[in-house]
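Everything below concerns the one structure shown next.
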Amino acid sequence: MVGLAVLAGLFIYAYGFQVTKVDLEETRSERRQTQLVRILRALARPDILEYEKEEFLVDAPIIVGCPEGELNLPEPDTSGPFMTVDPPCADPKAQVRVEGFNFEPNTRGPINFIPLSQVTLQLGNIVTDEFGHFETVVQLPNRSPVPEPQHIQVITRRNVGAPRFTKTAHDTWDKIIETVFMALLATTIGTALAIPVSFFAARNLMKDVRSSVASISLSVLAWPLGIWLGMMAARQLHVLSQSLTTSTWLNVAGVVLLPLLAWWIVRWAVPATEESRPSFTLRMARVAGLLLAAWVAILSLYLLSSLTLALGNTLALRLGGFGFLGAFVAGLGDILGMIIATVVALATGGVISGFVGRVWRTLDRSLSPAAQQLANYILAALAGALLFAILGAMVDWFYQIHDAMRTLIVPAILGALFGIGLAFWVRKDDQVTSGLAVYYVARTILNALRSIEPLIMVIVFAVWVGIGPFAGVLALALHTIAALAKLYSEQVESILPGPLEAVRAAGANRLQTIVYAVIPQIVPPYIAFTMYRWDINVRMSTIIGFAGGGGIGFLLQQNINLLNYRAASAQMVAIAIVVASMDYISARLRERII
Amino acid sequence: MLKVENLTKIYEGGVLALDDVSFEVPDGQFLVIIGLSGSGKSTLLRCINRLIEPTAGRIIWDGEDITAATQEEMRLIRRRIGMVFQNFNLVHRSSVLTNVLTGRLGYVNPAMSLLNRFPKSDVDKALKQLARVGIEGKAYQRADELSGGQQQRVGIARALMQDPKMILADEPVASLDPVLAHSIMQYLEQINQEDKATVLCSLHFLDLVHRYADRVIALNEGKLVFEGHPRQIDDAKFKEIYGKDAERVG
Numbered sequence: 001m002v003g004l005a006v007l008a009g010l011f012i013y014a015y016g017f018q019v020t021k022v023d024l025e026e027t028r029s030e031r032r033q034t035q036l037v038r039i040l041r042a043l044a045r046p047d048i049l050e051y052e053k054e055e056f057l058v059d060a061p062i063i064v065g066c067p068e069g070e071l072n073l074p075e076p077d078t079s080g081p082f083m084t085v086d087p088p089c090a091d092p093k094a095q096v097r098v099e100g101f102n103f104e105p106n107t108r109g110p111i112n113f114i115p116l117s118q119v120t121l122q123l124g125n126i127v128t129d130e131f132g133h134f135e136t137v138v139q140l141p142n143r144s145p146v147p148e149p150q151h152i153q154v155i156t157r158r159n160v161g162a163p164r165f166t167k168t169a170h171d172t173w174d175k176i177i178e179t180v181f182m183a184l185l186a187t188t189i190g191t192a193l194a195i196p197v198s199f200f201a202a203r204n205l206m207k208d209v210r211s212s213v214a215s216i217s218l219s220v221l222a223w224p225l226g227i228w229l230g231m232m233a234a235r236q237l238h239v240l241s242q243s244l245t246t247s248t249w250l251n252v253a254g255v256v257l258l259p260l261l262a263w264w265i266v267r268w269a270v271p272a273t274e275e276s277r278p279s280f281t282l283r284m285a286r287v288a289g290l291l292l293a294a295w296v297a298i299l300s301l302y303l304l305s306s307l308t309l310a311l312g313n314t315l316a317l318r319l320g321g322f323g324f325l326g327a328f329v330a331g332l333g334d335i336l337g338m339i340i341a342t343v344v345a346l347a348t349g350g351v352i353s354g355f356v357g358r359v360w361r362t363l364d365r366s367l368s369p370a371a372q373q374l375a376n377y378i379l380a381a382l383a384g385a386l387l388f389a390i391l392g393a394m395v396d397w398f399y400q401i402h403d404a405m406r407t408l409i410v411p412a413i414l415g416a417l418f419g420i421g422l423a424f425w426v427r428k429d430d431q432v433t434s435g436l437a438v439y440y441v442a443r444t445i446l447n448a449l450r451s452i453e454p455l456i457m458v459i460v461f462a463v464w465v466g467i468g469p470f471a472g473v474l475a476l477a478l479h480t481i482a483a484l485a486k487l488y489s490e491q492v493e494s495i496l497p498g499p500l501e502a503v504r505a506a507g508a509n510r511l512q513t514i515v516y517a518v519i520p521q522i523v524p525p526y527i528a529f530t531m532y533r534w535d536i537n538v539r540m541s542t543i544i545g546f547a548g549g550g551g552i553g554f555l556l557q558q559n560i561n562l563l564n565y566r567a568a569s570a571q572m573v574a575i576a577i578v579v580a581s582m583d584y585i586s587a588r589l590r591e592r593i594i
Numbered sequence: 595m596l597k598v599e600n601l602t603k604i605y606e607g608g609v610l611a612l613d614d615v616s617f618e619v620p621d622g623q624f625l626v627i628i629g630l631s632g633s634g635k636s637t638l639l640r641c642i643n644r645l646i647e648p649t650a651g652r653i654i655w656d657g658e659d660i661t662a663a664t665q666e667e668m669r670l671i672r673r674r675i676g677m678v679f680q681n682f683n684l685v686h687r688s689s690v691l692t693n694v695l696t697g698r699l700g701y702v703n704p705a706m707s708l709l710n711r712f713p714k715s716d717v718d719k720a721l722k723q724l725a726r727v728g729i730e731g732k733a734y735q736r737a738d739e740l741s742g743g744q745q746q747r748v749g750i751a752r753a754l755m756q757d758p759k760m761i762l763a764d765e766p767v768a769s770l771d772p773v774l775a776h777s778i779m780q781y782l783e784q785i786n787q788e789d790k791a792t793v794l795c796s797l798h799f800l801d802l803v804h805r806y807a808d809r810v811i812a813l814n815e816g817k818l819v820f821e822g823h824p825r826q827i828d829d830a831k832f833k834e835i836y837g838k839d840a841e842r843v844g
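Protein chains in written order, with our numbering: chain X, 1 to 594; chain C, 595 to 844.
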């Protein structure tokens, strides 16, 4: 038995060796080792500091092609650095010995041949010893002899003044700041969206949500209608708000007064405490009031959005160096304007579907059992048809089949049959755990999203918003939503059920139960997980630039591709410092909060 | 009047928790439910406010069929039924005051309550209820800083916030030091006598039953095996309720 296990292990690791191409020969090869040494040495000297350099040029004359008679060369000035050439004249391609004195000790530099044309020709390099002396043998170039003296020149450099940051260091600083803020934005956006999603992915909250087939069908039918109505309303209000924003004063007045009006209506329509059930007319009046309040509130949000946008743009122009604050304010206004439509559409969908469901529950009681059953079948068939038709439309959108038969009619019929089947299978009064369906859908989507690394997601986002940090923020945020929502929902699943029960027993509705019994219990783990995710996002944002996400990774990748290892080393050092210090800070914060 | 008719609960997996239980509770009565652990006491109490959905049978309270109520109607019914739990079921990290105020959630404006804003009258009322159960000084402490007995008082104050016409108390003193049992039971008695609320309370200790109950019902394996005055529980009845191996203590 043991022998068999050992054999199996041997086989597995042998195969692993083969597929991962373990090549020990390569690690020992001379060529690879020199390359490795070169890179390691470059990495050990990150390109962060540099000095102002002073160049020293030292000349010595030489005559190529020895002339007849006496050589008339000037004596070198021995007060500073000087060189002697031996012999002072030589044939082309001859070797001469060059000796230098009084140089900076321990410096290096090129040794050049300067012909009459002043075109420098490098002959080699020199290194001075600790006394500032060097001695080297160079070969003269193959040029035709000239009677005039030409020159041998040595260039050495000397550091002057205090060290300063290199351009690489400055670039690295800029990008590391970008990186940290990428992580910050992604974590913030991700957390804000993951919290609500996590409640839908928590089994203990969703398993009690039951509804009848008819009311599920009705809400399936009502959602698209509601979303469409919401979009229409939002569009109309946007147009209306634009006509109001022509005057700044009108705009400001709208932003201040409309919310007050909405607040006042809401206070009237939703009394603080109500002991008994109000009359039908009063309830209808309240519904109308709430609709009006919603209308007014959306309008004021649009006004607020355009006001913020205008204010931000003005600030951006006026604030000079702090113009980015104005741009941020303008950005907020723009984001607000963008999300109003979506939120209004979704909210209207939810409200309409809830409303229709409620109306149905009252209507349902006055119908005869046969009529109820019939209504069940019809509604389920319609809802199924709609769902499948939407799925068909999605397939059509992706694959562009453009065949109504296959993408619309057949799915609709299948869906209708499916709906009728479901209505038949579930008896009339039985409730379906619709909550669990939502739970499974949410879990599936989260798991799918989580299994795609942000490094891959960013490729899609870079196509959408262009290569740069914004694409990185979006990719990291999306992955954060998926990952955090899962972690959060597991926390929700592990809360004590007692307080939930107590709050429900007091007559609280679902939302109140969440606010009063769930949220207080999950605050500490939520904070802990958010910090943990912040750590991950900082790490991730340092490399997301490799795939087009901006930040320091972008710079690092460029430098690696350019074989500029000293610059790459500077960026690696920056990453190490940032990740380590964020690690430390978040660990300390976690200790203090929990 | 609370009427329970042929109430049956079968849990998923086939466990029969309540088997055709029927009884009536006149308004203002202090009814004690006794029986071994697992005999269905908790299930019975939770069926009455439908924290657990009954499988069959009807529950009628003040002429209203609780078992047929929609979710929305159930919410309105629940807010008149206070509940006190064996493990207190307070939200540990919230303040005592917030815990007590959750008893008003069925009454207050839902939108405002989501922002943790309660009308001033409710806050005053909460402080008054805390004074009534003798822990007025603890209102702004975290609930988990309180001792067990104090936590159960918070639980009672929370139930009182609902202006309950009925209190369901599920083993309210089982997690407490026995010497504290009377202090908690006295509050329930007070609510029963002063506020005229019907009380349904499950208990373990027979001396407590004798002291507080107007009437007793006993459950054994989900079946109603006794109904009557506490004094009627003689040794034979006792063996029938608690099984042959049981011995009277205390």
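Just so you know, even glycine gets a beta-carbon here, dropped at the ideal spot from N, CA and C. Since the model is a prediction, treat every value here as computed from it, not as a measurement.
Beta-carbon separation of A725/C and S688/C under 8 Å? no
Does the beta-carbon distance from G700/C to A506/X come in below 8 Å? yes
Counting C-beta neighbours from all protein chains within 10 Å, is the total for I827/C 16 or more, i.e. buried, or is it exposed? Counting Cβ neighbours within 10 Å, I827/C comes out buried, since at least 16 surround it.
At least one CB of chain X closer than 8 Å to the CB of T664/C: is that the case? yes
What is the DSSP secondary structure of V518/X, counted as helix, strand or coil? helix
Please tell me whether A506/X has its Cβ less than 8 Å away from any Cβ of chain C. yes
Straight-line Cα distance separating Y13/X from E178/X: 43 Å
One question on the structure: do L638/C and L813/C come within less than 8 Å of each other, judged by their Cβ atoms? With a cutoff of 8 Å on beta-carbon distance, L638/C and L813/C are scored as near each other.
Exposed unless 16 or more other CB atoms sit within 10 angstroms - verdict on T692/C: buried
If you draw a straight line from the C-alpha of L781/C to the C-alpha of R674/C, how long is it? One detail in the question is off: residue 781/C reads as Tyr in this sequence, not Leu. Near 18 Å, if we compare the C-alpha coordinates of R674/C and Y781/C.
If you draw a straight line from the alpha carbon of I585/X to that of D535/X, how long is it in whole angstroms? A straight line joining the alpha-carbon of I585/X with that of D535/X spans about 10 Å.
Assign Q723/C to one of three DSSP states: helix, strand, or coil. It is helical.
Starting from Q33/X, trace the alpha helix (DSSP H) in both directions and tell me its first and last residue. E30 to A44
With distances taken from CA atoms, which of P76/X, L123/X, G392/X and S117/X is nearest G100/X? Of the candidates P76/X, L123/X, G392/X and S117/X, the one whose C-alpha sits nearest the C-alpha of G100/X is P76/X.
Assess, as a yes-or-no matter, whether the region 196 to 212 of chain X is touched by the region 419 to 439 of chain X under the definition of 3 or more beta carbon pairs within less than 8 Å. yes
Opposing strand residues paired with L478/X [DSSP bridges]: Note: L478/X sits in no beta bridge, so no partner.
Run of the alpha helix (DSSP H) containing K759/C, from where it starts to where it stops: Neither: K759/C is in no alpha helix (DSSP H) and is coded neither H nor E.
Would you report the Cα separation of L774/C and L601/C, rounded to the nearest angstrom? 34 Å
If you draw a straight line from the C-alpha of I604/C to the C-alpha of N703/C, how long is it? 36 Å
Which runs of the alpha helix (DSSP H), 4 residues or longer, sit entirely within the region 766 to 803 of chain C? 775 to 788
Would you mind stating whether G697/C and Q745/C have Cβ atoms separated by less than 8 Å? no
In chain order, what are the residue ranges of uninterrupted beta strand (DSSP E) at least 3 long that sit wholly in the region 615 to 701 of chain C? If we require 3 residues or more, the beta strand (DSSP E) runs fully inside the region 615 to 701 of chain C come out as 624 to 628, 650 to 655 and 675 to 678.
Determine the chain C residues that contact E501/X at a beta-carbon separation under 7 Å, and present them in chain order. L645 and N683
Kindly indicate the opening and closing residues of the alpha helix (DSSP H) around G254/X. T248 to A269
Would you list the one or two residues that DSSP bridges to G124/X? The partner list for G124/X (beta bridge, DSSP) reads I111/X.
Among residues of its own chain, excluding the 5 on either side of A423/X, which ones have a beta-carbon nearer than 7 Å to its beta-carbon? V213, N376, Y377 and A380
Within 8 Å (strictly less), CB to CB, does R669/C reach chain X? Closer than 8 Å to some Cβ of chain X, the Cβ of R669/C qualifies, so yes.
Residues of chain X with CB under 8 Å from A705/C, in chain order? V266 and V270
Is it right to say E591/X is buried, meaning 16 or more other beta carbons lie within 10 angstroms of its own, or is it exposed? exposed
For N142/X, which of helix, strand or coil comes out of DSSP? coil
When the cut-off is 8 Å and only beta carbons count, does S636/C lie next to chain X? no
Helix, strand or coil for N159/X, going by three-state DSSP, please let me know. strand
Is V596/X close to chain C? Criterion is C-beta to C-beta, closer than 8 Å. What is shown of chain X runs 1 to 594, which leaves residue 596/X out entirely.
Buried or exposed (CB count within 10 angstroms, at least 16 for buried), H479/X: With 16 or more other Cβ atoms within 10 Å, it is buried.
If you check the beta carbons only, do A202/X and V515/X fall under 8 Å apart? no
S581/X to T542/X span [Cα, whole Å]: Going by the C-alpha atoms only, they are around 14 Å apart.
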